[in-house]
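Chains as they are written, first to last, in UniProt numbering: chain E, 1 to 456; chain A, 1 to 456.
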């Protein structure tokens, strides 16, 4: 039994709906379908979710922006009309939106969550109706019926463990289950959405709950690549990678998956297959618990910008019991989360995402460090990028660091930081943002030399 | 005005005393002399300090080991006899030891500190007498008279800042000042010794207090070398290095200086010159606040053994606010001090000196980490060595990391950890103890290629 999730562009129009139907028809193992809200149909189009956000923001005490409302309706109308589905479906869509608005009018947060969730919810209803119209046995299953109970934090729901036995009961429902992604219900009965990557999260939860043999994630690319196609032309496609490799890559800039979405399937070791709705015959990329090593210790290179470092020096720092703990306590106290804390003998740096040091916050944090820790030298370095070189078993390979640093030297990139030794599957380099593209390209060429010929 | 310190082997015998006298005579700027206790005269000899420790341990309620007492006396007797000094000096030596024993008999700690300090104290008195016998104006100055007031922690004294104005007054004393190293007096009037490297500390304090133009540190090597002569034959001598370079090298295994001894002179930017008592004509090594860079970004390579790492994994660790702070709080609570904390996304390591994880302590620390932090995977890796590559400005040099990692790969050393980015003057590598010698040799050859010809 497989769980299949379709991203926004895969369910954006009638044309895409038809592809989904034929993908489902091609494999009877595809038991549960998770759908996103209709995404962009073309460059410059607006996602339904963004239309819904605009609508939510326009809702006043008694009214709302009628044009925003109509824009949302139009997305579903287009699909329903083109697929020649029963027009009573549009009455349901309209009624649903009115109901959410009147239910949550008093609370901005709830209203936003309720309307955002409508995008997926209505799309699942339309998809179920379409599959039924094709003569398939298909049932819309609301997250409430599925038993998806979540924490009651708007926009940041977490699934509660008691949901899983409930989800398992869906195995008894006949035919294809069509489930909206992105949200669950709190114990109080409120609609609450998941954080970023929400439909991936739903798919992962349902796959774990149903104990699926595979979680297929349909998107609009043939596979995951070993490096961003924005930096390298036609980079190598990845046939298979492990959960940990995926997590390191996703964390460091690969946007295929939000890195936390996979948690439920990782836990159950259910393989994930990333496939292309528009080219379902392409093999895609499998993400698995473990894989055979093929002699290439590096599988991917990711990069992410927007970091900075707080650097401090204090003579005899290393003899000062509690220095590091006090520093981290100040950051925690100020609500600043950090990524790494490389340290020398008399110096320590904290690497963090720059957006956390907005104006007032930066001064406050620096003042506290200066005064409470009595450091001698203290400064912030901005515009840092992190490059992550990822691969199972690379920590056991002699010469990996040598190759990587050679590539960076050849690119003329000054290495601001190297972090190796904690993770067994990655090595991290901090460089200036200005150096990141040439650094990544140079790393790609050194680790994937066969592909170099393809490059300009 | 220079302050000159002579180490144990430089003042171990009458022959060495004569060298000291001629070194002092050669430069009238040498105003203050700090002496250690008589050290080893030859391979297999016993240092006076160790004889004094044996004596201290033998002291009972009413008696002590007479042979231990005589062994101490013999060291001074030999010097006094050969230099034909007044025999009344021996009466003073004997009387001093009896006085210390009777004063501190009731407290083991005080007695040990008092007798250890006698080694330096008596040697300073004999040295002053010898210089006077040569017709020089020389005065023994006790740390009490010098105004060296220290914290009252036996074996771990710290100088108090109010000492410095007192020390400055010694500038008015005529002739050469002969000051015993290694100890000061607490406000209560107790003799308290400094931690490891004690005479170096005294020299550094006196140099700072007198505002000396130079602190000369006489020992038994011509210079500081860029790498341990135990690992490489005839390594390059260092003409000049900065305080920070010295501190990084000393911290990581260079035993010329205890790394904290220099603090007072560093503060005042007084140059330190390491010279050889047995070959005073050799230029020695100067340690200064800043130096001109000569195009060689690496100045030295040090290594130290006896490290281990505690490694832990926890899925989504990086999203857990306070994880690092809680981990460090556990270590602090258990009295375990750490060196570095490299971290990945879902993993973190703590590098520490292995001796801190003795049997019961290891189990207790691991249990607390497992239970309080709910980590998924937790293990200790032992037999780690740290290699430090040091040089001013190397962080600005592109390709430094590449050269270093290439050298380690060529040596077949698997890099367990790389730490770069916090210190501006060093890069650190963790390797297995078994790989350390070949790794250091390979690094030496890559950074100091001109010297390779000298090697076997």
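Each residue gets a CB set at the ideal place from its N, CA and C atoms; glycine is no exception.
Who pairs with residue i in a beta bridge, going by DSSP?
i                      : result
residue 352 of chain A : A/308
residue 237 of chain E : E/225
residue 173 of chain A : DSSP, once it has assigned bridges, lists no residue as partnering residue 173 of chain A.
residue 426 of chain A : A/390
residue 242 of chain E : E/288
residue 420 of chain E : A/418
residue 432 of chain E : E/384
residue 30 of chain E  : E/2
Does any residue of chain E bring its CB to less than 9 Å from the CB of residue i?
i                      : result
residue 158 of chain A : no
residue 321 of chain A : yes
residue 354 of chain A : no
residue 445 of chain A : no
residue 338 of chain A : yes
residue 300 of chain A : no
residue 398 of chain A : yes
residue 268 of chain A : no
residue 346 of chain A : yes
residue 118 of chain A : no
residue 19 of chain A  : no
residue 422 of chain A : yes
residue 415 of chain A : yes
residue 220 of chain A : no
With a cut-off of 9 Å, does the C-beta of residue i fall near any C-beta of chain A?
i                      : result
residue 456 of chain E : Low per-residue confidence applies at residue 456 of chain E: pLDDT is 35, beneath 50, and the placement is therefore not dependable enough to give any value.
residue 453 of chain E : Since pLDDT at residue 453 of chain E reaches only 45, below the 50 mark, its modelled position is unreliable, and no value is offered.
residue 251 of chain E : yes
residue 230 of chain E : no
residue 332 of chain E : yes
residue 328 of chain E : yes
residue 459 of chain E : Because chain E here runs from 1 to 456, residue 459 of chain E falls outside it and cannot be looked at.
residue 392 of chain E : no
residue 408 of chain E : yes
residue 188 of chain E : no
residue 382 of chain E : no
residue 211 of chain E : no
residue 245 of chain E : no
residue 427 of chain E : yes
residue 434 of chain E : no
residue 11 of chain E  : no
residue 325 of chain E : yes
residue 76 of chain E  : no
residue 315 of chain E : yes
Please state whether the Cβ-Cβ distance between residue i and residue j is less than 9 Å.
i                      : j                      : result
residue 310 of chain E : residue 349 of chain E : yes
residue 277 of chain A : residue 218 of chain A : yes
residue 31 of chain E  : residue 177 of chain E : yes
residue 12 of chain A  : residue 40 of chain A  : yes
residue 245 of chain A : residue 390 of chain A : yes
residue 409 of chain E : residue 426 of chain A : no
residue 179 of chain A : residue 130 of chain A : no
residue 416 of chain A : residue 376 of chain A : no
residue 222 of chain E : residue 284 of chain E : yes
residue 370 of chain E : residue 334 of chain E : no
residue 264 of chain A : residue 207 of chain A : yes
(message) Can you confirm whether the region 283–292 of chain A touches the region 232–243 of chain E when touching is taken to mean that 3 or more C-beta pairs between the two stretches lie within less than 8 Å?
(response) no
(message) If we require 4 or more residues per run, which alpha helix (DSSP H) segments fall completely within the region 128–171 of chain E?
(response) 143–146, 163–168
(message) When you compare the region 319–327 of chain A with the region 351–361 of chain A, are there three or more beta-carbon pairs, one atom per stretch, that lie closer than 8 Å?
(response) no
(message) My parser needs the beta strand (DSSP E) runs of 3 or more residues fully inside the region 181–219 of chain A; what are they?
(response) 183–185, 191–193, 214–219
(message) Could you check whether the region 121–137 of chain A touches the region 154–165 of chain A, counting it as contact only if at least three pairs of C-beta atoms, one from each stretch, sit closer than 8 Å?
(response) With a cut-off of 8 Å, the region 154–165 of chain A and the region 121–137 of chain A do not count as touching, because too few Cβ pairs lie within range.
(request) May I have a chain-ordered list of the beta strand (DSSP E) segments no shorter than 3 residues that lie completely inside the region 315–394 of chain E? (result) 347–353, 377–390
(message) Tell me whether the region 199–206 of chain E and the region 24–43 of chain E touch, counting them as touching only if at least three CB pairs, one residue from each stretch, are closer than 8 Å.
(response) yes
(request) For the region 252–313 of chain A, list the alpha helix (DSSP H) runs that are entirely contained and at least 4 residues long, ordered along the chain. (result) 263–268
(request) Inspect the CB distances between the region 294–301 of chain E and the region 296–315 of chain A and report whether three or more fall short of 8 Å. (result) no
(request) Specify whether the region 252–261 of chain E and the region 327–334 of chain E touch according to this definition: at least 3 beta carbon pairs, one from each stretch, less than 8 Å apart. (result) No: the two stretches stay apart, fewer than three of their Cβ pairs being nearer than 8 Å.
(request) Take every Cβ of the region 111–118 of chain E, pair it with every Cβ of the region 134–141 of chain E, and state whether three or more of those distances are shorter than 8 Å. (result) no
(message) Check whether the region 374–394 of chain A and the region 430–447 of chain A are in contact - that is, three or more C-beta pairs closer than 8 Å.
(response) yes
(request) Pair every Cβ in the region 41–51 of chain E with every Cβ in the region 85–99 of chain E, then say whether three or more of these pairs are closer than 8 Å. (result) no
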